[in-house]
Every structure is written in C-alpha cells, then in structure tokens.
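The next block holds one structure in the form of structure tokens; read it before the comments.
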C-alpha cells in the first residue's frame, strides 16, 4: 500500500493464513482488508471484510470502541453508496 499498489496490498492481505491457535491479528487484518478494498474500489470485498470484523468484535473493551465505531461508519458509508 505504501508504494501505491492497492491491488497488490489487497492480494497480500487476502493470502493470510491463520490457524486455530494463532488468531492474534485476525481482526486487524480484516479491518485493513476492508479499508484497502474500499480504496481499491472493491466495495463488495470491503463490505464483507468489515461485516466479518464487526461480527467478531461485537463486545470490545472501552478502549477499542472508537475503532469499532470507525469501522461501523465506514461500512455504513459503503452500504449507502451501493444504494445510490
């Protein structure tokens, strides 16, 4: 992404492999996948990643609520754009 290659960054994020015992950065990867997919014009992929992120982060600690709201707002914006 830092080199301006959004599609390459998105492909790299989607190649991730997680195992049952190591989901440490899974929600972060989903959030970033949604953000980069939206920037790259993949609205459907962004919506899917954001929805998955919100599903697994439904009960966050207070320190994480602002980030959760940012993702909710980004998802709402994408969904409203799809219906225009």
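In my numbering, the protein residues as written are 74 to 157. All C-beta atoms in this analysis are idealised placements derived from N, C-alpha and C, irrespective of residue type, glycine included. No experiment lies behind these values; they were computed from the predicted model shown.
| Check | Outcome |
| --- | --- |
| In terms of residues, what are the limits of the alpha helix (DSSP H) holding residue 80? | 79-87 |
| Quick one: using the 10 Å Cβ neighbour count with 16 as the cut-off for buried, is residue 142 buried or exposed? | exposed |
| Closer than 6 Å by C-beta to residue 80: which residues in its own chain qualify, once you throw out the five before and the five after it? Chain order, please. | 113 |
| Quick one: grab the DSSP three-state call for residue 97. | coil |
| Run through the region 110-141 for me and flag every whole alpha helix (DSSP H) of 4 or more residues, listed as ranges in chain order. | 116-129 |
| Quick test of your reading: residue 148 and residue 127, contact by CB under 8 Å. State the CB separation rounded to the nearest angstrom. | 7 Å |
| When we look at the beta-carbon of residue 107 and count the other beta-carbons within 10 Å, is it buried (16 or more) or exposed? | buried |
| Of the choices 116, 86, 155, whose alpha-carbon is the least far from that of residue 99? | 86 |
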